[in-house]
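S.K.: First, the structure itself, so that you have it in front of you.
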Amino acid sequence: MGHLLAFALPSAVAWWLGARWVLVLLVAHALVSEPLQGWLVPTRQPDPLDAVADLVGVATGILLARTLRGAGEHASGKMDR
0 MGHLLAFALP
10 SAVAWWLGAR
20 WVLVLLVAHA
30 LVSEPLQGWL
40 VPTRQPDPLD
50 AVADLVGVAT
60 GILLARTLRG
70 AGEHASGKMD
80 R
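Its first residue numbered 0, the sequence shown is counted upward by one per residue in numbering that gives the first Met the number 0.
Below is the structure:
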């Protein structure tokens, strides 16, 4: 759950701010950090499920940001075309 939240929150903020490049960095971090930890820190075992949780967090953050943005626009009478 920690991995999911740690990636969902910055992903949502990046989406809201239009900083899509941050999402690319978060996905890269999710895919690289686990194997790198296992290689650089002898006491750590890489866990592929942590990487999956990170990626699910990115997707969750984007969905949350899009949903909240859509709800806000609908409530204010503005709609995307």
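All residues carry an ideal CB built from backbone N, CA and C; glycine is no exception.
Please report how far the alpha carbon of Val55 lies from the alpha carbon of His28, in whole angstroms.
M.R.: By one-based count along the sequence shown, residue 55 stands at place 56. By one-based count along the sequence shown, residue 28 stands at place 29. Spanning the two alpha carbons is a distance of roughly 13 Å.
S.K.: Mind checking whether Ala13 and Val21 have CB atoms under 8 Å apart?
M.R.: Counting from 1 along the sequence shown, the entry for residue 13 is found at position 14. Counting from 1 along the sequence shown, the entry for residue 21 is found at position 22. Taking 8 Å as the Cβ cut-off, Ala13 and Val21 qualify as a contacting pair.
S.K.: In whole angstroms, what is the alpha-carbon distance linking Ala64 and Ala58?
M.R.: Locating residue 64 in the sequence shown gives position 65, counting from the first residue. Locating residue 58 in the sequence shown gives position 59, counting from the first residue. Their Cα atoms are separated by approximately 10 Å.
S.K.: Return the residue from the list Gly60, Ser32, Leu67 that minimises the CA-CA distance to Pro45.
M.R.: Taking the first residue of the sequence shown as position 1, residue 45 is located at position 46. Of the candidates Gly60, Ser32, Leu67, the one whose C-alpha sits nearest the C-alpha of Pro45 is Ser32.
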